[in-house]
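Enquirer: Residue 133 in numbering that gives the first Met the number 0 sits at position 134 of the sequence shown, and the numbers go up by one each step. Attaching a single structure in structure tokens format; questions to follow.
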Amino acid sequence: MNFYTAIDGAWFIAIVLIWLGINAFGSSRISSGYHVKAFCNNPSEKEKKIALTFDDGPGPFTLEVLELLKKYNAKATFFCIGKNIENHPEIVKQIIAEGHLVGNHSYSHSPFFDFYNAAAIAEELQKTDSLLEKFTPGKINFFRPPYGVTTPSIRRALKITGHQVIGWNIRSLDGGTKDQNLIFNRIIKRISPGGIVLLHDTAAHSVLVLERFLQFLQQNNYKVISTEELLNLKAYEIDINPIDQK
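Listed below in structure tokens is the structure:
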């Protein structure tokens, strides 16, 4: 009897470990669609067009990024953290004025964000939306989860807020290393039509890699377009009141 009990216990532990492994993989890989649908690229795009996205700003380095984007005639989407918007509202205003898009990247970007319940997540998203919508023509539609991790709580929160999740298929890893050659080579090895590149506008090494990358794109006849155009999605929901049209 003890033998069979031990066997049953081993099977149970194995099943639990497999389940935990699947959940961990699905949660940490935004392109898996395990918990929420995420738009990570446009596989039907055949022309040399890609989208550039920047996480974790706004901040002082965002200004340098904007200068480079203007120099190379490229458009980008900035996924902004609420507390940084409060510190640099003028930079958000400049991002919009220069024709770029903004999206929601949570208010706190807390390392514990994945453990928040749906109500707390929805509150963070709504707070960040309120800060961004002072500058945008409508409600924020785009959201990128901190660290690219999705959870059942995030799924439930999105049912409340109505955001669309924007991921990526080309991760630079510039948030984890300062090795410019490693970052640059990682990006260009993965570049292909319809791709979405993830960079950060929070460090000097990222700015230097960006200029090299924009030069590479120019030399290889790639065009950087907005995530709206690449994915055929709207970054802002504009509420047109019929009464106002009269």
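All C-beta atoms in this analysis are idealised placements derived from N, C-alpha and C, irrespective of residue type, glycine included.
Taking the DSSP output, what are the residues bridged to C79?
Expert: Stepping through the sequence shown from its first residue, residue 79 is reached at position 80. DSSP output for C79 lists N103 as bridge partner(s).
Enquirer: Which of the three DSSP states is assigned to I253 in this structure?
Expert: In the structure as shown, the chain begins at 0 and stops at 245. Residue 253 is therefore absent and cannot be evaluated.
Enquirer: With DSSP run on the structure shown, which of helix, strand or coil describes A37?
Expert: Walking along the sequence shown from the start, residue 37 turns up at place 38. Strand at A37.
Enquirer: So H199 and F38 are in contact, right, with Cβ under 8 Å, and what is the actual spacing, rounded?
Expert: What you label residue 199 is simply residue 200 of the sequence shown in a count that begins at 1. What you label residue 38 is simply residue 39 of the sequence shown in a count that begins at 1. Not confirmed; about 20 Å, so no contact.
Enquirer: According to DSSP, which residues form a beta bridge with E236?
Expert: Your numbering for residue 236 matches position 237 in the sequence shown. For E236, which the question treats as bridged, DSSP gives the partners K138.
Enquirer: Using 8 Å as the threshold, is the C-beta distance between P42 and G193 below it?
Expert: Here residue 42 refers to the residue found at position 43 of the sequence shown. Here residue 193 refers to the residue found at position 194 of the sequence shown. Result yes, Cβ atoms of P42 and G193 sit closer than 8 Å.
Enquirer: Quick one: is R143 buried, meaning 16 or more other Cβ sit within 10 Å of its Cβ, or exposed?
Expert: Your numbering for residue 143 matches position 144 in the sequence shown. Classification for R143: buried.
Enquirer: Kindly indicate which residue of Y115, V91 and A73 has the alpha-carbon position closest to the one of R260.
Expert: With the chain covering only 0 through 245, there is no way to say anything about residue 260.
Enquirer: Across which residues does DSSP place G199 in a beta bridge pair?
Expert: Numbered from its first residue, the sequence shown carries residue 199 at position 200. Residue identity differs from the one stated: residue 199 is His in this sequence, not Gly. Per DSSP, D54.
Enquirer: With distances taken between CB atoms, is the gap from K74 to I224 smaller than 8 Å?
Expert: In the sequence shown, residue 74 corresponds to position 75, counting from 1. In the sequence shown, residue 224 corresponds to position 225, counting from 1. Yes, Cβ-Cβ distance for K74 and I224 is below 8 Å.
Enquirer: Please report the straight-line C-alpha distance between E228 and V101, rounded to a whole angstrom.
Expert: In the sequence shown, the residue the question calls residue 228 occupies position 229. In the sequence shown, the residue the question calls residue 101 occupies position 102. Their backbone Cα atoms lie some 14 Å apart in a straight line.
Enquirer: For the stretch 176 to 193 against the stretch 128 to 138, are there 3 or more C-beta pairs whose distance is under 8 Å?
Expert: In short, these stretches do not touch, since the Cβ pair count stays below three.
Enquirer: Between the stretch 63 to 78 and the stretch 90 to 104, do three or more beta carbon pairs fall short of 8 Å?
Expert: Contact between the stretch 63 to 78 and the stretch 90 to 104 is present, because at least three Cβ pairs lie under 8 Å.
Enquirer: Can you give the Cα-Cα distance for I21 and H34, rounded to whole angstroms?
Expert: As a first step, residue 21 must be located in the sequence shown, where it is residue number 22. As a first step, residue 34 must be located in the sequence shown, where it is residue number 35. Bear in mind that the predicted position of I21 carries a pLDDT of just 49, short of 50, making it unreliable; the figure below should be weighed with that in mind. If I take the Cα positions, the gap works out to 12 Å.
Enquirer: For A117, which residues from the same chain have a beta carbon less than 6 Å from its beta carbon, with the 5 sequence-adjacent residues on both sides left out?
Expert: Counting from one through the sequence shown, the residue named residue 117 turns up at place 118. Within the same chain, A117 has close Cβ partners S152, R155 and A156.
Enquirer: Counting beta carbon pairs with one atom in the stretch 211 to 221 and one in the stretch 58 to 66, are three or more of them shorter than 8 Å?
Expert: Touching, no.
Enquirer: Determine, using beta carbons only, whether G207 and Q179 come nearer to each other than 8 Å.
Expert: Locating residue 207 in the sequence shown gives position 208, where the first residue counts as 1. Locating residue 179 in the sequence shown gives position 180, where the first residue counts as 1. Note that residue 207 corresponds to Leu in the displayed sequence, not to Gly. Cβ distance < 8 Å, so L207 and Q179 count as in contact.
Enquirer: Could you spell out where the beta strand (DSSP E) holding K177 opens and where it closes?
Expert: Indexing the sequence shown from 1 puts residue 177 at position 178. First-last for K177: undefined, no H or E at that position.
Enquirer: Is it the case that the Cβ atoms of Y235 and N140 are separated by a distance below 8 Å?
Expert: On the sequence shown, position 236 is the one that residue 235 refers to. On the sequence shown, position 141 is the one that residue 140 refers to. Yes, Cβ-Cβ distance for Y235 and N140 is below 8 Å.
Enquirer: Are the CB atoms of T201 and D55 within a distance shorter than 8 Å?
Expert: As a first step, residue 55 must be located in the sequence shown, where it is residue number 56. As a first step, residue 201 must be located in the sequence shown, where it is residue number 202. Yes; because the gap between Cβ atoms is below 8 Å, this pair is in contact.
Enquirer: For L124 and N219, I'd like the C-alpha separation in whole angstroms.
Expert: In the sequence shown, the residue the question calls residue 124 occupies position 125. In the sequence shown, the residue the question calls residue 219 occupies position 220. So the alpha carbons of these two residues sit roughly 38 Å apart.
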